[in-house]
Amino acid sequence: MTRLAERTGSINLGQGVPELPSPPEILGHAVAAIKAGRNQYPPATGLPELREAVADHRLATTGVSYRPDDEVLVTTGATEAVASALLAFCDPGDTVLTFDPCYDAYPAAARMAGARVTAAPLAVTTDGFVLDPDALRRAVGPRTRVLLLNSPHNPTGKVFTREELTQIAAVCEEHDLTVVTDEVYEHLVYDGVRHVSIASLPGMRERTLAISSAGKSLNVTGWKVGWACGPAPLVAAVASAKQFLTYASGTPFQVAVAAMLTSGMSGVSGLRDRLQENRDRLCEGLGKAGLPALPGQGGYFVQADVRPWGYDDGTRFCRELPGRSGVVAVPTSAFYQSAGSPDWLVRFSFCKGGDVVEEAVTRLVAAR
């Protein structure tokens with residue numbers, strides 16, 4: 337769809353590539369680190385100052401305490417952390433349980449480990465996506481080793497509630513599953529909704545590897561600075577896989593991220609507010625265009641129902657949308673692993689400049 341946007345000169349609301357400016361403070365920290373000569377390999381587990389800052393940050397935001405020395409690992413983005421975790425925790429023939437629709441890197445990472453993804457479909461309601469506890473229990477198999485949870489969720493924008501997380505935790509304890517939780521959008525939640533890490537629930541710290549990164553929260557996705565926190569045995573296993581992937585990366589960027597975490601993450605609230613404004617503008621515009629949007633509580637994306645335009649196939653809608661309106665979206669069916677996906681949903685991204693979102697809305701309304 338991105339190539340289609342380039343070929344047609346359309347506004348790309350398909351790919352989640354942010355276009356808002358990064359906080360000036362973090363850019364200054366990186367420049368200072370580069371000029372100070374901090375440009376060589378960091379330790380394989382990450383700079384001590386960053387591991388300490390991550391541990392402090394997790395305690396402040398989730399209430400979960402981690403030891404910086406052996407319970408925090410710095411990775412080359414959250415994607416590497418997920419891949420390293422699945423390589424560490426899965427044997428060939430194992431299954432990784434996640435939720436449909438799911439971020440497309442998860443099945444790829446499972447395949448690299450010789451495992452496969454099974455997915456419990458989230459139920460689609462007028463209020464958005466919700467957990468289906470029965471579907472989750474049915475999806476657990478004899479070779480299920482890991483539950484891979486993404487909240488706030490890509491591609492739906494869903495934030496799992498504490499009640500839902502409690503139900504998920506019960507299944508994990510019942511079947512002795514290791515949890516890998518991808519929380520990269522943890523600070524980009526809207527409407528007063530609160531992100532809850534499943535690691536903070538009773539009995540879950542011991543079986544959970546919590547992953548996040550600086551890319552989304554600090555709007556520096558190209559820096560690829562992520563981290564994984566959990567019990568020392570889980571972190572050691574992930575580190576043993578990670579060392580043969582990148583070994584280590586981004587020393588000056590690690591310095592800058594540590595400084596931002598330590599100073600209180602200035603700029604995050606402003607970014608969140610701008611994204612919420614974009615989301616509201618996009619959802620209102622989609623409604624005016626006759627494409628009602630499901631509520632999106634976090635992240636970069638909203639889902640829209642294309643049936644009012646006469647489509648029951650989101651892929652066909654997305655292929656024809658550039659010619660009809662000069663806007664590109666992505667069919668949600670591309671993110672499903674299980675059969676029976678709601679083919680009438682498509683994903684729109686709002687992590688763009690406000691003027692870009694406004695122009696996209698104008699085009700969609702005119703094309704109605």
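The numbers in my numbering rise by one with no breaks, and the one at position 52 of the sequence shown is 388. Glycine residues also receive a C-beta, built at the ideal position from the N, C-alpha and C atoms. Here the structure is a predicted model, which means the values were calculated and not measured.
Spatial distance of residue i from residue j (CA atoms)
| i | j | result |
| --- | --- | --- |
| Ala675 | Thr462 | 21 Å |
| Pro567 | Ala575 | 12 Å |
| Glu369 | Gln579 | This sequence places Ala at residue 369; Glu is not what is there. Taking the straight line from one Cα to the other gives about 24 Å. |
| Ala584 | Leu383 | 10 Å |
| Leu657 | Glu361 | 39 Å |
| Val692 | Gly373 | 38 Å |
| Ala665 | Gly350 | 4 Å |
| Thr700 | Gly662 | Reading off the sequence shown, one finds Leu at residue 700, where the question assumed Thr. Looking at the two C-alpha atoms, the distance is approximately 8 Å. |
| Arg481 | Phe425 | 7 Å |
| Gly464 | Trp559 | 32 Å |
| Gly646 | Gly626 | 11 Å |
Beta-carbon contacts of residue i that lie in its chain and below 6 Å, excluding the five residues immediately before and after
| i | result |
| --- | --- |
| Glu500 | Leu467 |
| Arg334 | What is shown of the chain runs 337 to 704, which leaves residue 334 out entirely. |
| Val390 | Val408 and Trp563 |
| Ser553 | His523 and Val604 |
| Ser677 | Ser669 |
| Ala535 | Val400, Arg541, Thr544 and Ala546 |
| Thr598 | Ala389 |
Contact under 9 Å by Cβ, residue i with residue j
| i | j | result |
| --- | --- | --- |
| Tyr526 | Arg617 | no |
| Phe684 | Ala629 | yes |
| Val591 | Ser549 | no |
| Thr502 | Leu483 | no |
| Pro569 | His531 | no |
| Thr587 | Asn348 | no |
| Gly493 | Gln612 | no |
| Glu509 | Gly539 | yes |
| Gln633 | Val495 | yes |
| Val529 | Arg473 | no |
Cβ shell of residue i (< 7 Å), same chain only, five flanking positions each side left out
| i | result |
| --- | --- |
| Asp649 | Asp679 |
| Ser533 | Thr398, Val400, Thr517, Glu519 and Ala546 |
| Arg479 | Gly429, Asp430 and Thr431 |
Coarse secondary structure for residue i, derived from DSSP in three states
| i | result |
| --- | --- |
| Val418 | helix |
| Cys438 | coil |
| Thr497 | coil |
| Val642 | coil |
| Val692 | helix |
| Pro478 | coil |
| Phe686 | coil |
| Thr412 | coil |
Anticipated Cβ contact below 8 Å, residue i with residue j, distance rounded
| i | j | result |
| --- | --- | --- |
| Asp436 | Ala455 | 4 Å |
| Pro443 | Val453 | 4 Å |
| Val682 | Phe653 | 6 Å |
8 Å CB neighbourhood of residue i in its chain, flanking five on each side removed
| i | result |
| --- | --- |
| Pro404 | Pro384, Arg387, Glu388, Val390 and Ala391 |
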